[in-house]
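Numbering (the working numbering), first residue to last: 57 to 243. Ideal Cβ placement from N, Cα and C applies to all residues, glycine included. Encoded as structure tokens, the structure appears first; notes follow it.
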């Protein structure tokens, strides 16, 4: 088992697990229900905050194939809405999520589910939480497209591009970087 990649957002907050592509694949395979696989993939490929995806489920017309016109749920962001760019996998997973029978569960339940699925997948659950998909997606995009950091931070709803630059220092190896292309291609 490789040492997990952990993001320490602040000294006060808990650590957040960043998944390697191989870990994410194992995690998806470990989830017993397809609807929950769809939820996890939609969270990853949109890079959305958990509460934003819950809002989208109630407002499906905001999904417009290549983009989501997402309501910003963070007080620090001045704009009420932003456009989230989606690649083909993001479009597919968001469509599947919106066709699901139920919205995302309570935040705490999702945190518990992700930790349980990590254990089933044989990967460390340390730091795995509802934020992991968003932070994983951000890191994969920045690693793959370092010249597009500003575009990435706008799509992610960040107020400063410098917030994403620390992702460049994550210890992804050459195989991780190669495998990321499968996920982020077309973004």
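- The three-state secondary structure of residue 76, taken from DSSP, is coil.
- Secondary structure of residue 226 (DSSP, three-state): coil.
- Each residue's CA atom was taken as its position, placing residue 104 and residue 75 some 16 Å apart.
- Taken through DSSP and simplified to helix, strand or coil, residue 101 comes out as helix.
- Taking a 10 Å sphere around the C-beta of residue 146, we find 16 or more other C-beta atoms and assign the residue as buried.
- Taking all protein chains in view, the Cβ of residue 212 is crowded by 16 or more other Cβ atoms within 10 Å, so the residue is classified as buried.
- With a minimum length of 3 residues, the unbroken runs of beta strand (DSSP E) contained wholly in the stretch 116 to 168 fall at 123 to 127 and 137 to 141.
- Per DSSP, reduced to three states, the secondary structure at residue 87 is coil, with no helix or strand assignment.
- DSSP places residue 62 in the strand class (E or B) of the three-state scheme.
- Residue range 106 to 114 is occupied by the alpha helix (DSSP H) that includes residue 111.
- Using a Cβ distance threshold of 8 Å, residue 86 and residue 173 count as a contacting pair.
- With the rule of 3 Cβ pairs closer than 8 Å, the stretch 141 to 158 counts as touching the stretch 94 to 108.
- Across the structure, residue 59 and residue 78 are spaced so that their CA atoms are roughly 13 Å apart.
- Looking from the CA of residue 81, the closest CA among 236, 156, 185 and 91 belongs to 236.
- With contacts defined by Cβ atoms closer than 8 Å, residue 70 and residue 63 do not form a contacting pair.
- Following the DSSP letters along the chain, one finds residue 190 inside the alpha helix (DSSP H) bounded by residues 188 to 200.
- Under the three-state reduction of DSSP output, residue 241 falls in the coil class, being neither helix nor strand.
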